[in-house]
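For reference, the structure discussed in these notes is given below.
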Amino acid sequence: MAERRDALKIIGSISATCAFPFAADELYAQHEGTHTMPAGQAALPEPKYFTKEDFATVAMIAERIIPQTDTPGAGAAGVPAYIDFVVGRNPGQQKVMMAGLAWLKKETKGKPFVALTEKQQLAILEPLCALCDAGETKGVGERFFKAVKALTADGYWTSKAGMGETLGFKGNAILGEYPECLHEH
Amino acid sequence: MANVVYDVVVVGSGASGGTLAAHLARAGAHVAMVEGGPKINTRTDFPTHAMPWEFSNRQIPKMRPGKPGMESERARGLGGKTLTWNAVAWRYSQRDFKGKTFDGGGEDWPIEYAELAPYYEKIEREVGVCGNYDGLKDLPDGVFLPPAPYKCSDKLIDKGARKLGLKTIHVRKATLTQARFGRPGCHYCGNCMAGCDVVAKYNSYDVHLLPAMKTGKLELIPNAVVREVMMGADGRAKGVKFLHRETKAEGEVLGRSVVVSCACVQSVALMQMSAKDGLGNSSGQLGKHFIPHFTGGVEAFLEGLVGSKLKDDEGFLDHAYLPSFMHERKRDYVRSFGAQFGYQNRRGVGWAREMGGMGAKYKQTVKDHYPSFVVFSPYGEMVPNAKSYVDLDYAMLDQYGLPSARRQVTWMENDWKIFKDMQQWSKGILEAAGAKIQKVWEEPRTNHELGGARMGDDPRTSVVNKWCQSHDVKNLFVLDGSVFPSASEKNPTLTMMALAARTAEHIADRAKKGEL
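So the sequence lines, in the order shown, correspond to chains A and U. Each position in the first sequence, counted from 1, maps to that position plus 1 in the working numbering. Each position in the second sequence, counted from 1, maps to that position plus 7 in the working numbering.
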């Protein structure tokens, strides 16, 4: 088990830090028989709201938005379960998700999103991200991406992995005295 | 309980009611403290040190599982909002009390700063307020414990302010920076507003009510949701009717005087519920002149801290303050604003969803910006207007069958001018401090509810007199933010507590002379 996890970790970090994305794609291809997801995605919990396939798709998008680097990505931080939890309680979000997932299926011509290569996935997601950043969120795809990104960000940055490890949260501690700012700013 | 007639029945146990009840009990009066919520133990009942990831929805709940209280506006708990306040404690200045005289608009208070000054000092000496002696005309100094030191972000903002000819000061809070009065000094965990678990921060239950129990003169009656101030045939208040918070059983508490102090809007609502046209409302002013503070907001990243090493400096939230400066400047409006900044701890990361990009680069961007995020929160003074008032909504009944208090707030031209100007200044200061602006609020938001039962000398234009005593019902007092005729731009709680100390003294004196 430990070996498998280590292997996944290595691959995960290569995919995120490698300067040549295709190299990572090749690596993935070599391992396609055993897994198709980057680290943190391997052990998805049972979804309570989404179907298994939709859940895997959303989880994969979340991981693409916040990937594993030297600290955990969205999957390992438990973001998919958080998204499942929130969307399951929010009819407004459900509409956006369902419309978006249907749209995505058309984009991938029916192929499961997780079965695409990283390059193919990013070719769909990155333009959506750029449109959202430019404030253009009229299309179904953009609205979907914006919603998944917001949920991913909320879930990740409030998680122990996100806030504790990645951001290095310090606080909530009992201090003898306040660490006054003595710098020249 | 049924046969007891207390000297004073106090409704509501927050900053005003809690202070008043303790002062009266110490003066020898027999006091009943009637509180809609349960007894809350600030050391054990709040999830003070919880982190968001402990909860599936990532929202830290108000109370620990199975611990009731604070669940609605009407039933809060012994200590009221002081359990979760941020403890900012300013004295108002002569200009705050006499705003109409100084620059027109609004209304003057019927009291001077000098009349309230001794009571401010009394409160500062008994609860402990930290701060610096700044010698400012419009923000009188008091009796202070040492201030909390500046944060890195405070230094940067102060530098920006200085470039524009302004100056920040240390915030003043009713939080101990050193052990005093059997309470420890603050340990700077950043959880003040989740409920301080060591009572370094003032709350009215631990600091005022509990010690006053030793007098044997104070009786706490929690879980009693007051629905009516009872009137006798002689035109005097004779007590209050309540419903038990859980069983909804009816009960009464009788007293020679009644003090309504259940947090501004709820006080107004209780008076409105107690008589057809509102109790003590011969002036027709009850519910009118509702003047909550309005706050703006500018969210920014201080460039000097982007990518810096994260410090454990959440502290007791905001450590510095920008006092009002517009009073002395040319402007096209009356009144002014001040600004708090950085009173959010680092567990709020909602801004991260607004950062552009995705992937490892996005992750790094958020990490880099995390130590530099700051919210600048200016507070403006609202001038009373006819379209801002409190009334009852009988279409919205709560679980006790009581109508909800409806707040109507319309901001007028003067308010909008202040709002726009304070947003502009906030942006300017942040930019001068070398900050990248992330978001500028476009709409004001209300905070610090004030007005609705204002005090004044003229019974035709005010609800209570300068002693917070009803013009109509001599043994009825209203004591909290509702009596403020004008709001100032400063956080109001210390002024409520000083008024409570003064009113307690007045009630005790009058009672001794048999005048109540």
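We put the beta carbon where it would ideally sit given N, CA and C, even for glycine.
Chain U within 8 Å of residue i, Cβ atoms only
| i | result |
| --- | --- |
| D155 of chain A | yes |
| R65 of chain A | yes |
| A181 of chain A | It should be pointed out that residue 181 of chain A corresponds to Glu in this sequence rather than to Ala. Yes, contact with chain U. |
| P128 of chain A | no |
| K150 of chain A | yes |
| G136 of chain A | no |
| L168 of chain A | yes |
| E33 of chain A | For E33 of chain A, the pLDDT reaches just 36, beneath the cut-off of 50, and the residue's location in the model is therefore unreliable, although a value from the coordinates is still provided. Closer than 8 Å: no. |
| Y50 of chain A | no |
| K161 of chain A | yes |
| A174 of chain A | yes |
| P46 of chain A | no |
| T118 of chain A | no |
| W158 of chain A | yes |
| F145 of chain A | no |
| V97 of chain A | no |
| K139 of chain A | no |
| M1 of chain A | Limits of chain A in this structure are 2 at one end and 186 at the other, which puts residue 1 of chain A out of reach. |
| V59 of chain A | no |
| V87 of chain A | yes |
| K53 of chain A | no |
| M38 of chain A | Bear in mind that a pLDDT of 47 at M38 of chain A, under 50, signals an unreliable position, so the number given afterwards is only what the model happens to contain. No - not a single Cβ of chain U is within 8 Å of the one on M38 of chain A. |
Closer than 8 Å to chain A by CB, residue i
| i | result |
| --- | --- |
| W590 of chain U | Because chain U spans 8 through 523 in this model, residue 590 of chain U falls outside it and cannot be assessed. |
| Y548 of chain U | Nothing can be reported for residue 548 of chain U, as the shown portion of chain U is limited to 8 through 523. |
| Y350 of chain U | no |
| N288 of chain U | no |
| H177 of chain U | no |
| M200 of chain U | no |
| A359 of chain U | yes |
| G364 of chain U | yes |
| K520 of chain U | no |
| H251 of chain U | no |
| A207 of chain U | no |
| A367 of chain U | yes |
| L163 of chain U | yes |
| G197 of chain U | yes |
Other residues of its chain near residue i: CB distance less than 6 Å, five sequence neighbours each side excluded
| i | result |
| --- | --- |
| L123 of chain U | A505 |
| M40 of chain U | V17, S20, A28 and L227 |
| D115 of chain U | K105, K107 and T108 |
| V134 of chain U | A181, Y209 and V214 |
| G74 of chain A | G41, E64, I67 and P68 |
| T167 of chain A | T72 |
| H37 of chain U | Y13, D14 and K224 |
| G163 of chain A | A78 and Y157 |
| Y140 of chain U | D148 |
| K150 of chain A | I66 |
Any C-beta of chain D under 8 Å from that of residue i
| i | result |
| --- | --- |
| H194 of chain U | Of the protein chains in the structure, A and U, none is chain D. |
Neighbourhood of residue i by C-beta distance below 8 Å, restricted to the same chain and skipping five residues each side
| i | result |
| --- | --- |
| Y83 of chain A | L152, D155, G156 and S160 |
| V88 of chain A | Y50, F51, Q94, Q95, M98 and L152 |
Beta-carbon proximity list for residue i, same chain, < 7 Å, skipping 5 on both sides
| i | result |
| --- | --- |
| G34 of chain A | Residue placement at G34 of chain A cannot be trusted, given a pLDDT of 35 that sits under 50; what the coordinates show is reported in the next sentence. Excluding sequence neighbours, G34 of chain A sits near nothing in its chain. |
| Y401 of chain U | P410 |
| L143 of chain U | P330 |
| G60 of chain A | Looking at the sequence provided, one finds Ala at residue 60 of chain A rather than Gly. Around A60 of chain A: Q42, L45, G76 and P81. |
| E199 of chain A | What is shown of chain A runs 2 to 186, which leaves residue 199 of chain A out entirely. |
| L317 of chain U | Y377 and P378 |
heavy atom of the ligand MN below 7 Å from residue i C-beta
| i | result |
| --- | --- |
| S395 of chain U | In the structure shown, the ligand MN is absent, as is every other ligand, since no ligand is present at all. |
>> Taking contact to mean 3 or more Cβ pairs, one atom from each stretch, closer than 8 Å, check whether the stretch 457-473 of chain U and the stretch 294-303 of chain U are in contact.
In response: yes
By the 7 Å beta-carbon criterion, what residues does the stretch 63-79 of chain U contribute toward chain A?
S63, N64 and R65
Between the stretch 278-292 of chain U and the stretch 476-493 of chain U, can you find at least three pairs of beta-carbon atoms closer than 8 Å? yes
Give the list of continuous beta strand (DSSP E) stretches no shorter than 3 residues that lie fully inside the stretch 374-408 of chain U. 380-387 and 396-404
field: Interfacial residues, the stretch 306-330 of chain U to chain A, with Cβ spacing under 7 Å
entry: G311, L317, K318, D319, D320, E321 and G322
(Q) Using 8 Å as the cut-off, can you tell me whether the stretch 321-338 of chain U makes contact with the stretch 346-357 of chain U, which would need three or more C-beta pairs spanning the two stretches below that distance? (A) yes
ask   = Pairing CB atoms from the stretch 198-205 of chain U with CB atoms from the stretch 44-61 of chain U, are three or more of them under 8 Å?
value = yes
| request: Write down every uninterrupted run of the alpha helix (DSSP H) in the stretch 83-167 of chain A whose length is 4 residues or greater and which is fully enclosed by it, in chain order. | output: 92-108, 119-134 and 141-158
**Report entry** Chain-ordered residues of the stretch 134-158 of chain U with a beta carbon less than 8 Å from chain A
**Finding:** A155, P156, Y157 and K158
Any chance you could list the beta strand (DSSP E) runs of at least 3 consecutive residues sitting entirely within the stretch 436-474 of chain U, in chain order? 442-447 and 452-454
> Counting only runs that start and end within the stretch 157-227 of chain U, where is the alpha helix (DSSP H) found for 4 or more residues in a row?
Replying inline: 159-170
Is the stretch 412-425 of chain U touching the stretch 381-393 of chain U, taking contact as three or more C-beta pairs under 8 Å?
-> yes
- Which runs of the beta strand (DSSP E) spanning at least 3 residues fall entirely within the stretch 308-369 of chain U, listed in chain order? 327-329 and 344-348
- When you check each C-beta in the stretch 44-58 of chain U against every C-beta of chain A, which residues fall closer than 7 Å? H56 and M58
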